[in-house]
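Chemist:
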Amino acid sequence: MLRFLYANDLDQFPILADTMFKHRAIQFRDRLGWDVSVDDNGHERDEYDDINPLYVIWENADGTHGGSMRFLPTTGDTMINDHFAHVIEGTDIRSPLIWECTRFCLAPDADRRVTAGLVLGAAELMKHFEIMQFVGVFDPRMERIYSLLGVCPEVIGRVGEGDDEIGVGLWGFDETARPKVQSRAKLSEEEANTWFRQSFNLPLISAVEEKTMSLSA
Amino acid sequence: MSLNKLVNMQESLSHATTLEELQRAAETIRDDYNVDHVVYHWVNSVGERFGCGTYTSEWVDRYLEKDYLYIDPVILGCFHRFDPVNWKQLDWSSKGAREMLRDACDYGVGPQGFTIPVRGPKGQYALFTLADSRSDDEWETFIEEKKKDMILVSHTFNQKALELEERVFQLEAAQLSKRERSTLTLLAKGKNRAQAAQELEISENTLRVYVESARHKLGALNTTHAVARALAAGQIVV
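Heads up: the protein sequence lines correspond to chains C and S, in order. Start counting the first sequence at 7; every next residue gets the next number (the working numbering). Start counting the second sequence at 11; every next residue gets the next number (the working numbering).
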């Protein structure tokens, strides 16, 4: 299932948090060879994990981490404005309608549906919080993965070469790609919306109402 | 509120140089949006607080006297997050919180509320709150309709508060990047988005992001307003 959790809620989900930060170490340090710091617990964490970001996390049936993304509003401190402004010719991207998405991470054995599920999670954020675009850091592999999911990343600046290349880019969920992404994630919009509502303590739209709405639509 | 009124409000807010002007803006929003209260409350990088808004001094005194700050679910629940919050989403389960809400209603605050947490640079944060006594359904509809306006306005308040704190009024100094300037210049010349995007060899989505980023820096409400302000500030020349 999808969970939308602020950092200060992670202690309620110790297994999920522990495996998420460990998988980040595996992905960013071991596999991509990024210069990231890993603590004594084997957790990859940076300063942005300390300012209470919002995580969208795919939780496996056994409570472990399947994949995740980390979000921050660009009006506050963000990785891209602090560290990547030079990549995009000094444009610091700040707007209440644009959020930063970083540390997109998949568990080493992640199910094929996870990435698509996370993209649907990001789509829920866009829909409910008036977000127009996400700005993020991409490695070439992620660009390919995203493109397959109809989120059309557009890289607006690059540093490094070959495998070390990192791009700063924009992306948003293209609603026309929804059927494809949903079938890949094996998820309905209602399920994603229900998980969103549970996480944010919003009243659930009952199945009956949902049906009436879709009938009348 | 009509778009024009909102643009005017945004415009006068962006010229504000005193807390009193912020106060008047809060009152204008209250009247034009027909809600009971509008409050802006901020904490700066060294933990100092200030605020402005339409709560009565009786309620503010009562709030302080009862130390509600330490049990208020709006404060406890909103200062660490950044998604806009209907007060119903917060945890009102404690006896103290429920008593506080009853008390607040006696002072004309609530029971409905909508709070937009705002994050600024270097750990600064603020809350922008609307409080009202509409029914649950009416309040939900109100939020759905006004959410985006309120998000934009809350951030204008915050930019202004940051300027007030620094005593630097950056109307002229909001530095646009090269890409933002080229984008606004083409729009000012009457090109539409597609043409401008083509000329800059970027997608329309990316163009929208540059426009949006410039809009926010200029404290403008929409694209036309952003172009006008960039021209007025001499940041672009057509």
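Quick reminder that beta carbons are idealized off the backbone N, C-alpha and C, glycines included.
1. Could you check if C/Asn-47 is buried or exposed, using at least 16 other CB atoms within 10 Å of its CB as the buried criterion?
2. State the Cα-Cα distance for the pair S/Gly-106 and S/Val-119, rounded to the nearest angstrom.
3. Identify each residue in the segment 93 to 120 of chain S for which the Cβ-Cβ distance to at least one residue of chain C is less than 9 Å, and report them in chain order.
4. Which residues in the same chain have their Cβ closer than 8 Å to the Cβ of S/Lys-201, if we skip the five residues on either side of it in sequence?
5. Suppose only complete runs of 3+ residues qualify. What are the beta strand (DSSP E) ranges in the segment 130 to 204 of chain C, listed by chain order?
6. Return the CA-CA distance between C/Asp-24 and C/His-49, expressed in angstroms with no decimal places.
7. Indicate whether S/Val-48 and S/Ile-39 have their beta-carbon atoms separated by less than 8 Å.
8. Residue ranges of each alpha helix (DSSP H) run of no fewer than 4 residues wholly in the segment 62 to 116 of chain S, ordered along the chain?
9. Do the segment 28 to 38 of chain C and the segment 61 to 76 of chain S meet, that is, are 3 or more Cβ pairs less than 8 Å apart?
10. What residues in its chain sit with their C-beta under 8 Å from that of C/Gln-139, if we drop five residues either side in the sequence?
11. What's the call for S/Ser-24, buried or exposed, on a 16-neighbour Cβ count within 10 Å?
12. Does the beta carbon of C/Trp-40 fall short of 7 Å from some heavy atom of the ligand NAD?
13. Given a limit of 8 Å on CB to CB distance, which residues of the segment 29 to 57 of chain C reach chain S?
14. Give the secondary structure of C/His-29 by DSSP, where H, G and I count as helix, E and B as strand, and everything else as coil.
15. Check the Cβ-Cβ distances between C/Gly-123 and every residue of chain S, and say whether any is below 8 Å.
16. For the alpha helix (DSSP H) that contains C/Met-75, what are its first and last residues?
17. Roughly how far, in whole angstroms, is the beta-carbon of S/Lys-227 from the beta-carbon of C/Arg-100, given that I think they are within contact range, below 8 Å?
18. If we count the other Cβ atoms within 10 Å of its Cβ and call it buried at 16 or more, is S/His-235 buried or exposed?
19. Please classify S/Ser-249 as buried or exposed, where buried requires at least 16 other C-beta atoms within 10 Å of its C-beta.
20. Here's the rule I'm using: 16 or more other beta-carbon atoms within 10 Å means buried, otherwise exposed. How should C/Pro-185 be labelled?
21. Would you please verify whether the beta carbon of S/Pro-83 is less than 8 Å from any beta carbon of chain C?
22. For chain C, check one thing: does any of its Cβ atoms lie closer than 8 Å to the Cβ of S/Arg-218?
23. Name, please, each residue of chain S whose Cβ falls closer than 8 Å to the Cβ of C/Thr-97.
24. How close, in whole Å, do the beta carbons of S/Asp-46 and S/Ser-164 come, if the pair is a contact with beta carbons under 8 Å?
25. Is there contact here, the segment 60 to 70 of chain C with the segment 141 to 154 of chain C, by at least three beta-carbon pairs under 8 Å?
26. If we define contact as Cβ-Cβ less than 8 Å, is S/Lys-156 a contact residue for chain C?
27. In whole angstroms, what separates the C-alpha of S/Tyr-117 from that of S/Trp-69?
28. Since S/Arg-91 meets chain C, which of its residues come closer than 7 Å, beta carbon to beta carbon?
29. Any Cβ of chain C within less than 8 Å of the Cβ of S/Ile-153?
30. Tell me the rounded alpha-carbon separation between C/Pro-114 and S/Met-19.
31. When DSSP builds the beta bridges, which residues end up paired with C/Phe-10?
32. Beta carbons nearer than 9 Å to chain S: which residues of the segment 128 to 155 of chain C have them?
Modeler: This is what the structure holds:
1. Burial check for C/Asn-47: the Cβ neighbour count within 10 Å stays below 16, so the residue is exposed.
2. About 16 Å.
3. Those would be Asp-93, Pro-94, Val-95, Asn-96, Lys-98, Gln-99, Leu-100 and Asp-101, in chain order.
4. For S/Lys-201, where only same-chain residues beyond five positions count, the Cβ hits under 8 Å are Glu-209.
5. Every beta strand (DSSP E) of 3 residues or more that sits fully in the segment 130 to 204 of chain C is shown, in chain order, as 139 to 144, 160 to 165 and 172 to 177.
6. So the two alpha carbons sit approximately 7 Å from each other.
7. Cβ atoms of S/Val-48 and S/Ile-39: closer than 8 Å.
8. The segment 62 to 116 of chain S contains these whole alpha helix (DSSP H) runs: 67 to 75, 83 to 88 and 105 to 116.
9. The segment 28 to 38 of chain C is not in contact with the segment 61 to 76 of chain S.
10. By the criterion of a C-beta distance shorter than 8 Å, C/Gln-139 is surrounded in its chain by Leu-103, Ile-104, Leu-176, Trp-177 and Gly-178, once the five residues flanking it on both sides are discounted.
11. Answer is buried; the Cβ neighbour count reaches 16.
12. With respect to the ligand NAD, the structure offers nothing, as it holds no ligand at all.
13. Ile-57: these are the residues of the segment 29 to 57 of chain C whose beta carbon lies less than 8 Å from some beta carbon of chain S, given in chain order.
14. Correct three-state label for C/His-29: helix.
15. Under the Cβ criterion of 8 Å, C/Gly-123 is not counted among the residues facing chain S.
16. It is not in any alpha helix (DSSP H) - C/Met-75 instead sits in the beta strand (DSSP E) that spans 71 to 79.
17. The pair is a contact, with the Cβ atoms about 7 Å apart (cut-off 8 Å).
18. Its Cβ being crowded by 16 or more others within 10 Å, S/His-235 is buried.
19. Chain S is shown from 11 up to 248; residue 249 of chain S falls before or after that span and cannot be answered.
20. Exposed, since its Cβ has fewer than 16 Cβ neighbours within 10 Å.
21. Judged by the 8 Å Cβ criterion, S/Pro-83 is not in contact with chain C.
22. It does; some Cβ of chain C falls within 8 Å.
23. Ordered by position in chain S, the residues that pass the 8 Å Cβ test against C/Thr-97 are Ser-187, Lys-188, Arg-189, Glu-190, Tyr-220 and Ser-223.
24. In this structure S/Asp-46 is not in contact with S/Ser-164, their Cβ atoms being roughly 17 Å apart against a cut-off of 8 Å.
25. In short, these stretches do not touch, since the Cβ pair count stays below three.
26. No, its Cβ sits nowhere closer than 8 Å to a Cβ of chain C.
27. C-alpha separation (whole angstroms): 6 Å.
28. Chain C residues near S/Arg-91: Tyr-12.
29. Under the 8 Å criterion on CB atoms, S/Ile-153 is classed as non-interfacial with respect to chain C.
30. Cα to Cα, C/Pro-114 sits roughly 52 Å from S/Met-19.
31. Answer by DSSP bridge pairing, in chain order: C/Val-62.
32. Result list: Leu-131, His-134, Phe-135, Glu-136, Met-138, Gln-139 and Val-141.
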